[in-house]
Each structure stands twice: as structure tokens, then as C-alpha cells.
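**Q**
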Amino acid sequence: MTDQPPPVADTGPKRTLVTLENPVRRGDTLIGEVTVRKPVAGELRGLNLQDCARADVNALIALIPRISEPPLVAHEVEALEIEDLAAFGSAIFDFFMTSAMRDQVQTLLGT
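No gaps in the numbering here: position 47 of the sequence shown is 47 in this note's numbering, and each next residue is one more.
(1) To the nearest whole angstrom, what separates the beta carbons of A59 and L72, a pair I think is in contact under 8 angstroms?
(2) Exposed or buried, V40, counting other C-beta atoms within 10 Å across all chains shown (16 or more means buried)?
(3) Leaving aside the five residues before and after E43 along the sequence, list all residues of the same chain whose C-beta is less than 8 angstroms from its C-beta, in chain order.
(4) Just to confirm the assignment, what range does the beta strand (DSSP E) spanning R25 have?
(5) Among residues of its own chain, excluding the 5 on either side of E69, which ones have a beta-carbon nearer than 6 angstroms to its beta-carbon?
(6) Using the Cβ count rule (16 or more neighbours within 10 Å means buried), how would you classify E21?
Here it is as C-alpha cells:
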């Protein structure tokens, strides 16, 4: 008997780089790329999983500051242009996909 935990299946990306069409200005700095990481349970506290997965605006505004690097603050997220908010929503949705769902998408896309 070993003390090793059983292997865990790869459930997809742990981090995704989001390139902003309209960089966030923070003082003299422009933030044009933001990495979002797959949230853990505590970072989802107070949020509805379905709202996060379907890119509900209020859920994204609450979640993005918790999982972004560099960390964006709520007022920066609220000021994002729609195409940039949609890019974050797409990246976050991908975190909710299972391996089987990813395989189905790949099959549908023929890749």
C-alpha cells in the first residue's frame, strides 16, 4: 500500500492569457494582457456556478478580480469594453468544460 494519492485526470487549462483589444490604463501603465487562472472553490464563494459559466456580467465583475494576474480591480472590470469582457467570459467558460466536452467541441470543429 502506498501513501500516494491516485492520479488526477487533466481537466484542461489552469491558466489562460487574455489579450485585451482595449488595454486597461492604471496610472501611467497600460495593461494589455491579463492571465486568468482556473478558480478554486473559495474564489467562487457567493457566486452561482451557472452564472459564471454562462458569462453573466455581474458574475464576471465579481470573479475576474479574484482570478486575474495582474489583478484587475472591480472598477477596472466594470470599465472594460464589451469585446474584452467577452474574451474573459470565454476564457472562464473554458475552465468549466470537462475533457469530454472539449473532445466534442474538437470533433465538431474537425480539429
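A virtual CB, placed ideally from N, CA and C, is assigned to each residue, including glycine.
**A** Considering the structure as presented:
(1) As a position in the sequence shown, residue 59 is number 59, starting the count at 1. As a position in the sequence shown, residue 72 is number 72, starting the count at 1. Actually they do not touch by this definition, with Cβ atoms about 15 angstroms apart.
(2) Working through the sequence shown from its first residue, we reach residue 40 at position 40. Its Cβ having fewer than 16 others within 10 Å, V40 is exposed.
(3) Looking up residue 43 in the sequence shown gives position 43. Only L63, R66 and I67 meet the Cβ criterion.
(4) Translated into the one-based positions of the sequence shown, residue 25 becomes position 25. Residues R15 to R26.
(5) Residue 69 sits at position 69 when you count from the first residue of the sequence shown. Closer than 6 angstroms at Cβ, skipping near neighbours: T35.
(6) Position 21 of the sequence shown holds residue 21. The residue in question, E21, is exposed, as its Cβ has fewer than 16 Cβ neighbours within 10 Å.
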